[in-house]
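**Q** Handing you a structure now.
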Amino acid sequence: GGAENIKHPILEFRSITCHAVGKSPGDPIYMEDAVNISFAYERKTDDLKLGPILRIDSLDQKVLFDSYRFRPKADFWVEKAGLYETSVVIPANTFSAGTFFVHLMLGSDTESFFDLNYVAHFVIHLNHWEKDATWNHAGSPYPLRPALQWSTRAKSSD
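Numbering of the sequence shown is given in the numbering used here, commencing with residue -16 and proceeding in unit increments.
The structure is reproduced here in C-alpha cells:
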C-alpha cells in the first residue's frame, strides 16, 4: 500500500498491490516466485495517451526500470475515460532475497501526472531449499539473481 485515491483532473490513482503469482496477497514471496504488481486508476478524460513507468530499487541501489512505452509497438496506451487496472509480472528467479521498493510514474508522452515514489514495497525471501546454503551466509550485495541458462559438456582431447 501507500498511495490511495490520489487525485488529478485527468487521473485518480486508486491502489497498488504486490504479490507472488498464484498466491494470495500477504503470502511470502520467494526468489522462485514470479511477482505481480497491479495498480488501479480512473481515467477522467478521453484521448490523451497515458502509460506507466515502473522503477524498482533495493535498500541501496537502483534495480529495475521498465514500461510498455519502451517497446517498438506500445499497444497498451489507455485513451478512453474509465476505470483501469494495469498489471506487470516480473519473472520468477529475478530477485535476490531482500526488500524492494516500487516507484510508479503515470503520464503521457509530454507530461507526468503522478510520480509516486515508494508507493509500495515487497520482500523476497530465500527459497526454502537454500536457506542454509553457504553462499547465503553473508547475504548478497547483488539485488538481481536471475536463473541463467548454464551448460557444461565434456570436450574431446583432440
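Using N, Cα and C, we set each Cβ at its ideal position, and we do this for glycine too.
1) How about the segment 2 to 14 and the segment 105 to 114: do they share at least three Cβ pairs that are nearer than 8 angstroms?
2) Please tell me whether Ile200 and Val102 are closer than 8 angstroms, where the distance is taken between their beta carbons.
3) Just the Cα atoms here: how many angstroms apart are Asp98 and Leu87?
4) Pop quiz: Lys144 and Glu(-5) are said to be a contact at Cβ under 8 angstroms. What is the actual Cβ separation, rounded to whole angstroms?
5) Thr117 to Ala80, Cα distance in whole Å?
6) In chain order, what are the residue ranges of uninterrupted beta strand (DSSP E) at least 3 long that sit wholly in the segment 60 to 133?
7) Over what stretch of residues does the beta strand (DSSP E) that includes Glu25 continue unbroken?
8) Check Arg52 in the structure and name its three-state DSSP category.
9) Cβ atoms of Glu68 and Ser21: under 8 angstroms apart, would you say?
10) What did DSSP end up calling Leu31 once you bin it into helix, strand or coil?
**A** From the atom records:
1) yes
2) Because residue 200 is not part of the residues shown, which for the chain are -16 to 141, the question remains open.
3) The residue labelled residue 98 in the question sits at position 115 within the sequence shown. The residue labelled residue 87 in the question sits at position 104 within the sequence shown. C-alpha separation (whole angstroms): 6 angstroms.
4) The chain is shown only over -16 to 141; residue 144 falls outside these bounds and no answer can be derived.
5) Against the sequence shown, residue 117 aligns to sequence position 134. Against the sequence shown, residue 80 aligns to sequence position 97. Roughly 15 angstroms between the two C-alpha positions.
6) 65 to 73, 81 to 90 and 95 to 108
7) If you number the sequence shown from 1, residue 25 lands on position 42. Counting along the chain, the beta strand (DSSP E) containing Glu25 begins and ends at Val18 to Arg26.
8) In the sequence shown, residue 52 corresponds to position 69, counting from 1. Note: Arg52 maps to helix in three-state DSSP.
9) Residue mapping note: residue 21 aligns to position 38 of the sequence shown, counting from 1. Residue mapping note: residue 68 aligns to position 85 of the sequence shown, counting from 1. Yes, Cβ-Cβ distance for Ser21 and Glu68 is below 8 angstroms.
10) As a working mapping, residue 31 is identified with position 48 in the sequence shown. Three-state DSSP puts Leu31 in coil, outside helix and strand.
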